[in-house]
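Trainee: Letter 107 of the sequence shown, counting from 1, is numbered 126 in the numbering used here, and no numbers are missing. Idealized CB from N, CA, C, for every residue including glycine. Below you'll find the structure I mean.
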Amino acid sequence: MATSTVENYIKQIYALQYEQGDGGLVGMGDLAVALGVTPGTATSMVKSLARDKHVEYTPRVGVALSESGKSLALHVLRRHRLVELFLVKILGMEWHEIHEEAETLEHAISERVLAKIDALLGRPKVDPHGDSIPSPSGVIAERNLVALDQCDVGRAATISRIEDQADDFLQYLESNRLTPGHEIEVVESDRHAGILSLRFVDGSQCSLGFPVARKIQVELHD
Numbered sequence: 020m021a022t023s024t025v026e027n028y029i030k031q032i033y034a035l036q037y038e039q040g041d042g043g044l045v046g047m048g049d050l051a052v053a054l055g056v057t058p059g060t061a062t063s064m065v066k067s068l069a070r071d072k073h074v075e076y077t078p079r080v081g082v083a084l085s086e087s088g089k090s091l092a093l094h095v096l097r098r099h100r101l102v103e104l105f106l107v108k109i110l111g112m113e114w115h116e117i118h119e120e121a122e123t124l125e126h127a128i129s130e131r132v133l134a135k136i137d138a139l140l141g142r143p144k145v146d147p148h149g150d151s152i153p154s155p156s157g158v159i160a161e162r163n164l165v166a167l168d169q170c171d172v173g174r175a176a177t178i179s180r181i182e183d184q185a186d187d188f189l190q191y192l193e194s195n196r197l198t199p200g201h202e203i204e205v206v207e208s209d210r211h212a213g214i215l216s217l218r219f220v221d222g223s224q225c226s227l228g229f230p231v232a233r234k235i236q237v238e239l240h241d
């Protein structure tokens with residue numbers, strides 16, 4: 020069984036590869052910064068992961084997950100995201116409070132308990148932030164999402180995923196009802212001023228800057 024340190028490294032490499040969008044090599048400097056460790060510490064751990072066949076490591080170039088590493092990463096993500104949803108739906112925690120709690124619990128929870136949580140929650144497809152929950156076999160469902168700042172005026176959509184999970188950002192979104200599940204319509208898009216105005220189904224409106232809108236992904240209505 021993988022240690023919590025191994026799982027954290029594998030999960031972070033997966034996240035950085037996902038952010039890059041090409042599944043290519045992750046620089047050791049980027050990995051070290053993301054994990055809050057020195058480059059030497061990151062390199063030492065990555066060499067160990069390479070010996071265990073979890074990653075493919077090219078010295079002075081970078082690291083990428085192997086097939087076994089990707090499988091492990093998806094399994095850890097499944098645990099993390101199910102735990103986050105459990106903390107919100109069952110324990111009533113706020114969504115900006117759950118990430119660090121889930122970081123701890125994801126390494127301790129047994130497969131039996133995880134299966135019970137999954138069933139209790141109704142076998143959900145997404146976590147509170149809108150991130151897809153991998154299936155037990157490690158499959159992530161394809162979703163057709165676009166960034167909110169790319170929506171045309173008059174277009175209706177449902178907020179589906181939040182890219183930035185910083186506490187203050189999540190609290191800002193919650194206070195403005197910009198959370199997954201809310202249906203909105205773009206009523207004004209001023210790219211010169213950098214302001215986007217939205218209308219909710221109850222007729223209320225809110226405005227937000229384009230930097231914020233870029234971090235909100237939506238599913239467009241037909």
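Are the beta-carbon atoms of V145 and I136 separated by less than 8 Å?
Mentor: No. Outside cutoff.
Trainee: Going by DSSP in three states, R98 sits in which element: helix, strand or coil?
Mentor: helix
Trainee: What residue from A232, Q190, R196 has the CA that sits closest to E207's CA?
Mentor: A232
Trainee: Would you list the one or two residues that DSSP bridges to L217?
Mentor: V205, C225
Trainee: Alpha carbon to alpha carbon, how far is R218 from H211?
Mentor: 20 Å
Trainee: Is the distance from the Cβ of H118 to the Cβ of S23 below 8 Å?
Mentor: Inclusion of H118 and S23 in the CB contact set at 8 Å is not warranted, their separation being larger than that value.
Trainee: So V52 is in the alpha helix (DSSP H); what residue range does that whole segment cover?
Mentor: For V52, the enclosing alpha helix (DSSP H) has its first and last residue at 47 to 54.
Trainee: Determine which residues share a DSSP beta bridge with S151 and list them.
Mentor: V145
Trainee: What number of angstroms, rounded off, separates the C-alpha of R79 from the C-alpha of H94?
Mentor: 29 Å
Trainee: Under 8 Å between the Cβ atoms of H115 and D186?
Mentor: In this structure, D186 lies closer than 8 Å to H115 by Cβ.
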